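Read in order, the letters of the sequence shown are residues 515 to 922 in the numbering used here.
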Amino acid sequence: MTAKPLNAMPVLSPRVSAIQPSPASVLRRRARELRGAGRDIIEMSSGNLDFATPDHVIAAAHDAALRGDTRYTDVDGTPELKQAVRAALQRDHGLDYATDEIVITNGSTQALFNALLATLAPGDEVIVPAPYWAPYLDQVRLVGGEPVVVPCPQNNGFKLRPEDLEAAITAKTRWLVINNPVNPSGAVYRRDELAEIAAVLQRYPDVWIMADGLYEQIVFEGDRAPTLAAIEPRLKPRTLTVSGLAKAYAMMGWRIGYAAGPAALIREMIKIQSQTTSCASSISQAAAIAALDGPQDLLRERIAILRGKRDRFVALVNDCPGLSCAAPEGTFYLLVSCAGVIGKRAPDGTEIGSDRDFAAYLLQNADLAVFPGEDSGVSPAIRVSFANPSALIEESGRRLKRACEALR
Ligand SMILES: Cc1ncc(COP(=O)(O)O)c(C=O)c1O
């Protein structure tokens, strides 16, 4: 009998074998490793904002911990936070949800996943407009569904056209995922554009809508991005309105998200949560109440700062040979076309054959971590964040230009 080797691989479930670690997490780890090895990596790939969580929010968490709010909460969230979410949905979108139509989750990532897990049977289809946030696809695959990617051309501002949506709907379509504003393009659907999409959806009563508004407050014109259930109330009974506190309140690591939708679906999502994570962090929930109920003017100040950074970075990027981008209407990402560098060669002779090659070249030769568009269903492009300190934005612009100029 031979001894079992150490570190033997477990037998993996086919579902897990079919997916990859999220590209953002892989890049974050690689950047950290390189930094640990002494390299001065600038992370332009990250979904983190360089703002601090507001002081009054941190104070509320501190108070909660001292008060003894350190136990499991109700699976679906504390009644106080659910009330704060309810009030925020009413205040921000005019949307009325009852308490049993809301669930608090560990980031909006968990809300999206639980909804898919609660509803998809093998082979069910989920329409995902591209460019997209990469995890939508693997979340769908993980629960046995099939993502159906619908390319959204740049000449339509990277937004889903009603005719393309209609052409993608089949008898197996269970969900349309609609993210507004869009990560990674920064596109913002206007009310009339959502109304046109809603008109198509009205003709397909079996298709549900996952409205992901995680960046809804980060828009550079107007107050916030609209959401589908508010645009077309007749769709509300089959819409899951998903959002969270990560981006609006710079609370990425606090892991608080929420979903609002029909009670029957929310009930199933809560059932899943009860068997998997029990509840979101009690301390983070207390902090989230302070964020949602507290003063909102900091948000406006921060968006003004981001607008300035956006404009500066757009100018720096457009000064790089082979790159071009337009100013996004929302989020803190630039989707940069790198068509002009494809086919060129690095000083060591390596050909830049794809945006993934270009991202690898920038990491290796310019100490810049950027996100390849291929991971978001749009090529050749890279996604870069402008939520970095101004000095880093200037430095990354210099490095980007030098790296592009070195290509032949
Ligand atoms: C479009 C989109 N949706 C959802 C999420 C999940 O965010 P969180 O789980 O931090 O709420 C992200 C994170 O970057 C995102 O970009």
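The beta-carbon is built from N, C-alpha and C at its ideal position, and this holds for glycine as well.
Computed from a predicted structure; not experimentally measured.
Beta-carbon contacts of residue i that lie in its chain and below 6 Å, excluding the five residues immediately before and after
i, result
"Gly-854", "Gly-836"
"Val-884", "Met-558, Ser-559, Ala-873, Leu-876, Ile-896, Val-898"
"Arg-913", "Ala-880, Leu-882"
"Ala-773", "Val-617, Ala-625, Leu-754, Val-756"
"Leu-631", "Val-657, Ile-786"
"Thr-845", "Pro-695, Asn-697, Gly-700, Tyr-729, Ile-732"
"Ile-803", "Glu-594, Leu-595, Ala-598"
"Asn-693", "Asp-726"
"Thr-623", "none"
"Glu-710", "Pro-676"
"Val-589", "Ile-784, Gln-787, Ser-788, Cys-793"
"Ala-920", "Pro-861"
"Thr-791", "Asn-620"
"Gly-891", "Ala-644, Pro-645, Tyr-646, Val-663"
"Ala-682", "Ile-641, Val-662, Val-664"
Beta carbon of residue i nearer than 8 Å to that of residue j
i, j, result
"Leu-464", "Arg-688", "In this structure the chain extends from 515 to 922, so residue 464 is not present and cannot be described."
"Val-696", "Pro-649", "no"
"Val-702", "Glu-843", "yes"
"Phe-565", "Ala-764", "yes"
"Asp-652", "Gln-787", "no"
"His-607", "Gly-808", "no"
"Ala-800", "Ala-574", "yes"
"Ile-732", "Leu-609", "no"
"Gly-621", "Arg-769", "yes"
"Ala-762", "Ala-743", "no"
"Glu-615", "Pro-719", "no"
"Ser-910", "Ile-556", "yes"
"Glu-746", "Ala-712", "yes"
"Gly-591", "Cys-793", "yes"
"Glu-619", "Gly-771", "In the sequence as displayed, the identity of residue 619 is Thr instead of Glu. The answer is yes: Cβ separation under 8 Å."
"Pro-751", "Leu-708", "no"
"Val-663", "Leu-679", "no"
"Leu-779", "Leu-749", "no"
"Gly-637", "Lys-686", "yes"
"Leu-806", "Ala-602", "yes"
"Arg-605", "Thr-613", "no"
"Arg-922", "Arg-859", "yes"
"Gly-863", "Ile-856", "no"
"Ala-901", "Leu-563", "yes"
"Gly-561", "Ala-538", "yes"
Strand pairing of residue i, partner residues [DSSP]
i, result
"Phe-885", "Arg-897"
"Asn-693", "Asp-726"
"Glu-865", "Arg-859"
"Glu-557", "Ala-883"
"Val-850", "Ile-896"
"Pro-687", "Pro is not the amino acid found at residue 687; the sequence shown has Thr there. In the DSSP output, where bridge partners are listed per residue, Thr-687 has Glu-639."
"Ser-910", "Ser-910 pairs with nothing; no bridge assigned."
"Ser-838", "Ser-851"
"Gly-844", "Val-733"
Cut-off 7 Å between Cβ atoms - residues of its own chain near residue i, not counting five sequence neighbours on either side
i, result
"Phe-585", "The sequence as given places Arg at residue 585; Phe does not occur at that position. These residues qualify, in order along the chain: Ser-796."
"Thr-684", "Glu-639"
"Ala-841", "Arg-824, Asp-825, Val-828"
"Asp-869", "Cys-852, Pro-886, Gly-887, Glu-888, Ser-893, Pro-894, Ala-895, Ile-896"
"Leu-541", "Ser-559, Ala-883, Phe-885"
"Arg-738", "Asp-606, Glu-730, Gln-731"
Test: residue i CB closer than 8 Å to a CB of chain C
i, result
"Pro-809", "Looking for chain C here will not work: only one protein chain is present."
Cβ neighbours of residue i in the same chain (closer than 8 Å, five flanking residues each side left out)
i, result
"Cys-463", "In the structure as shown, the chain starts at 515 and stops at 922, and residue 463 therefore has no counterpart that could be examined."
"Val-654", "Leu-630, Leu-634, Val-640, Val-642, Glu-660, Pro-661"
"Ser-536", "Ala-648, Pro-649, Asp-652"
"Glu-547", "none"
"Arg-705", "Pro-740, Ile-745"
"Arg-549", "Ile-555"
"Ile-907", "Lys-823, Arg-826, Phe-827, Leu-830, Phe-900"
Which residues end up in the neighbourhood of ligand 1 when you take C-beta atoms closer than 6 Å to any of its heavy atoms? Gly-561, Gly-621, Ser-622, Thr-623, Trp-647, Asn-693, Asn-697, Asp-726, Leu-728, Gly-758, Ala-760, Met-766, Gly-771
Entirely within the region 764 to 813 and at least 4 residues each: give me those alpha helix (DSSP H) ranges in chain order. 777 to 790, 796 to 807
Can you give, in chain order, each stretch of the alpha helix (DSSP H) that sits fully within the region 610 to 684 and has at least 4 residues? 621 to 633, 649 to 656, 676 to 682
Suppose only complete runs of 4+ residues qualify. What are the alpha helix (DSSP H) ranges in the region 695 to 775, listed by chain order? 705 to 716, 742 to 745
Enumerate, from N- to C-terminal direction, the unbroken alpha helix (DSSP H) stretches of 4 or more residues contained entirely within the region 518 to 583. 528 to 531, 537 to 550, 569 to 581
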